[in-house]
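Okay, structure first, notes after.
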């Protein structure tokens, strides 16, 4: 029991630190970007995360990618991706997307059995589309605003809404309930390194191309997050669509003014 509490303590401390910092900074923020009122704090968190990445994550991911056979990396990605389908299914149902929810549930059931506990992604080969839904997207789907941008220590880019939903997403991750705890910790470490290795080439290109990596990551994250919440449609597009006439509506032109006759 003691080890379990020690496992969850660093994650809880990181989340509490981010929320406390937001409360402290809210009274003195003078943002240049209205979507990023906590930019000073966010840049400090970004610098911390970047240092952790340079010292630990990136070297580990580079070594993992060089040493680990490709089929093993694929299996690891498939395994944890299969676990995410379970929580994605729940969130699709919470959003009222029954078809997508059943698809994700079927993916999870199929890959967990015939796919050897998810090591093989036979569901994708069968044509079952994968969805990546989480609690933050569910809240956004039902109209909860995203709130300001946040760069969380360790966890990375987020928003106030997604940060509030983070404990729920952590609970909804089947791997967070894995016993014994030492296997859970090992798996979590492998998962983090595998995820970092998957974006290694993209991050190298970004480091070479971006003038301000903080702004590049922030703007890209916010755009991508909005696209995820609205399934690729912008909020403006959805609102405009409600005001547009339907295809059966006929527009009747106004009658032309009668011409004046010359006397």
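In the numbering used here, the protein residues as written are 3 to 265. Yeah, the Cβ is synthetic: ideal placement off N, Cα and C, and Gly gets one too.
DSSP bridge partner residues for residue i (one or two, in chain order)
i: residue 153; result: 159
Cβ-based burial, residue i [other Cβ within 10 Å; buried from 16]
i: residue 207; result: exposed
i: residue 32; result: Summary for residue 32: the model assigns pLDDT 45, below 50, so the residue's position carries little reliability; its value from the coordinates is reported in the next sentence. Label assigned to residue 32: exposed.
i: residue 139; result: buried
i: residue 169; result: exposed
i: residue 100; result: exposed
i: residue 115; result: exposed
i: residue 71; result: exposed
i: residue 35; result: exposed
i: residue 60; result: buried
i: residue 125; result: buried
i: residue 226; result: exposed
i: residue 41; result: buried
i: residue 160; result: buried
i: residue 84; result: buried
i: residue 128; result: exposed
Own chain partners of residue i with C-beta closer than 7 Å, once the 5 adjacent residues on each side are dropped
i: residue 64; result: 202
i: residue 231; result: 139, 142, 143
i: residue 52; result: none
i: residue 130; result: 105, 108, 109
Proximal residues to residue i (C-beta, below 6 Å), its chain only, five neighbours per side dropped
i: residue 38; result: 151
i: residue 194; result: none
i: residue 165; result: 152
i: residue 97; result: 140, 143
Reduced DSSP secondary structure (H/G/I, E/B, other) of residue i
i: residue 39; result: coil
i: residue 144; result: coil
i: residue 182; result: coil
i: residue 116; result: coil
i: residue 131; result: coil
i: residue 98; result: coil
i: residue 234; result: coil
i: residue 188; result: helix
i: residue 70; result: coil
i: residue 201; result: coil
i: residue 175; result: coil
i: residue 136; result: coil
i: residue 85; result: helix
i: residue 1; result: In the structure displayed, the chain extends from 3 to 265; residue 1 sits before or after that span and is not available.
i: residue 59; result: helix
Own chain, CB closer than 8 Å to residue i, minus 5 neighbours either side, in chain order
i: residue 121; result: 77, 80, 81
i: residue 55; result: 198
i: residue 162; result: 24, 148, 149, 150, 152
i: residue 86; result: 134, 175
i: residue 209; result: 215
Chain B within 8 Å of residue i, Cβ atoms only
i: residue 95; result: Chain labels in this structure do not include chain B; a single protein chain is all it has.
- Message: Between the region 44-52 and the region 173-186, can you find at least three pairs of beta-carbon atoms closer than 8 Å?
- Response: no
- Would the region 149-164 and the region 215-224 be scored as touching if the rule is three or more Cβ pairs under 8 Å? Taking 8 Å as the limit for Cβ pairs, the verdict is that the region 215-224 does touch the region 149-164.
- the region 64-73 touching the region 89-108, judged by at least three CB pairs closer than 8 Å: no
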